[in-house]
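Encoded as structure tokens, the structure appears first; notes follow it.
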Amino acid sequence: MLEPEDLCFVVRNHEDQYSLWPASRKVPAGWETVGDRAPRSVCLDLIAQMWTDLRPASLRAFMDPGA
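Counted from 1, the sequence shown has number 1043 at position 67 by the working numbering; the numbering is strictly sequential.
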């Protein structure tokens, strides 16, 4: 479990879904880091700014083909 002061990465998968990942662990296959490692609260703020549409990328493409 992550503590508030733990350093994390924001990670993103191919569906443009975001998550926190402990900086001390290897990022799993299929995920990439977004930005630098930072305290948990900073990472959560970044996710809130970037992940405004919670639908997976494939669903957004299906529902909004012209976008």
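Glycine included, every Cβ here is placed at the ideal spot set by N, Cα and C.
Practice task
Output the boundary residues of the alpha helix (DSSP H) element that contains residue 1000.
Solution key: The count along the sequence shown starts at 1 and reaches residue 1000 at position 24. Per DSSP, residue 1000 belongs to no alpha helix (DSSP H) and is neither H nor E.
Problem - Reference residue 1008; option with closest CA among 1033, 1031 and 988 - result: Reading the sequence shown from its first residue, position 32 is the one you call residue 1008. It is 988.
Practice task
Put residue 1024 into one of helix, strand or coil per three-state DSSP.
Solution key: Taking the sequence shown and counting its residues from 1, one reaches residue 1024 at position 48. Here residue 1024 sits in helix by DSSP.
Practice task
Thinking residue 998 and residue 984 are a contact (beta carbons under 8 Å), I'd like their distance in whole angstroms, please.
Solution key: Mapped onto the sequence shown, residue 998 falls at position 22. Mapped onto the sequence shown, residue 984 falls at position 8. 6 Å between Cβ atoms; contact.
Practice task
Going by DSSP, name the residue or residues bridged to residue 983.
Solution key: Residue numbering aside, residue 983 sits at position 7 when the sequence shown is read from its first letter. Note: residue 983 sits in a beta bridge opposite 1015.
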